[in-house]
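Comments concern the structure below.
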């Protein structure tokens, strides 16, 4: 079992829809969770982080964390073509002390 | 504009060459990182420097040699690389090196080894 798992996609949604990106992790004691966005040919950019169970909202982005089920998700409301990118889930595993990245989900928002 | 600057943006080298990648940050961060990223893969951690000292070396081959001359600069010296080392090399910084996932990445140096 991989330590951090994401559906690789590709995930396609129409413009204006909600895009839902999911991530599961293996280390139950992990405390910190991050979402990075990476446009094609560019470097990753931190867009959200969440430490506590529940939802955290920032503009059109909502991060959701459920530690009991060991999953974290990212919702993008009113998706725009400019949201088309690869989204990397990253977890600060208790065992690793450094970030562990998932393999990324490629999102395409269709005009 | 990114606050982590990497040079060069592109580099082509032969297997016998010696070259260096450079990274600079002016955010006062105390930790700096080198990552390697292959196409359609996540970044892989190579090295972590904290307060200018090497804190983590993820069993990287000795043909990659990191150097941290001061708290703002990070170099990666390359020697006798293999074609499979072709990748995007990302520098990142963070306020601290332990227990943090808030990384600020540079734009990367795309390396091609012939």
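Protein chains in written order, with our numbering: chain A, 43 to 153; chain B, -6 to 107. The C-beta atom is built at its ideal place from N, Cα and C for all residues, glycine as well. A quick note: this is a predicted structure, and the numbers were derived from the prediction, not measured.
Going by other Cβ atoms of all chains shown within 10 Å of its Cβ, with 16 needed for buried, is residue i buried or exposed?
i                      : result
residue 55 of chain B  : exposed
residue 22 of chain B  : buried
residue 32 of chain B  : exposed
residue 30 of chain B  : buried
residue 78 of chain B  : buried
residue 85 of chain A  : buried
residue 120 of chain A : exposed
Leaving out five residues before and five after residue i in sequence, what residues of the same chain have Cβ atoms less than 6 Å from its Cβ?
i                      : result
residue 107 of chain B : 7
residue 202 of chain A : Only positions 43 to 153 of chain A appear in this structure, which leaves residue 202 of chain A out of reach.
Who are the neighbours of residue i on chain B, taking C-beta pairs under 7 Å?
i                      : result
residue 144 of chain A : 35
Give the straight-line distance between the Cα atoms of residue i and residue j, rounded to the nearest whole angstrom.
i                      : j                      : result
residue 87 of chain B  : residue 19 of chain B  : 11 Å
residue 7 of chain A   : residue 47 of chain B  : Because chain A here runs from 43 to 153, residue 7 of chain A falls outside it and cannot be looked at.
residue 104 of chain A : residue 83 of chain A  : 25 Å
residue 128 of chain A : residue 12 of chain B  : 30 Å
residue 95 of chain A  : residue 118 of chain A : 18 Å
residue 136 of chain A : residue 71 of chain A  : 6 Å
residue 67 of chain B  : residue 2 of chain B   : 15 Å
residue 80 of chain B  : residue 131 of chain A : 21 Å
residue 38 of chain B  : residue 91 of chain B  : 14 Å
Just grab the DSSP bridge partners of residue i for me.
i                      : result
residue 89 of chain A  : Bridge partners of residue 89 of chain A: none, in fact.
residue 96 of chain A  : A:107
residue 134 of chain A : A:74, A:141
residue 64 of chain A  : A:115
residue 70 of chain B  : B:13, B:58
residue 30 of chain B  : B:81
Name the chain D residues that come within less than 7 Å of residue i, Cβ to Cβ?
i                      : result
residue 130 of chain A : No chain D is present in this structure, whose protein chains are A and B.
What does residue i touch in chain A if you count any residue whose Cβ is under 9 Å from its own?
i                     : result
residue 41 of chain B : 140
By Cβ distance, which residues of its chain are closer than 8 Å to residue i, with the 5 residues on each side in sequence left out?
i                     : result
residue 95 of chain B : 87, 88
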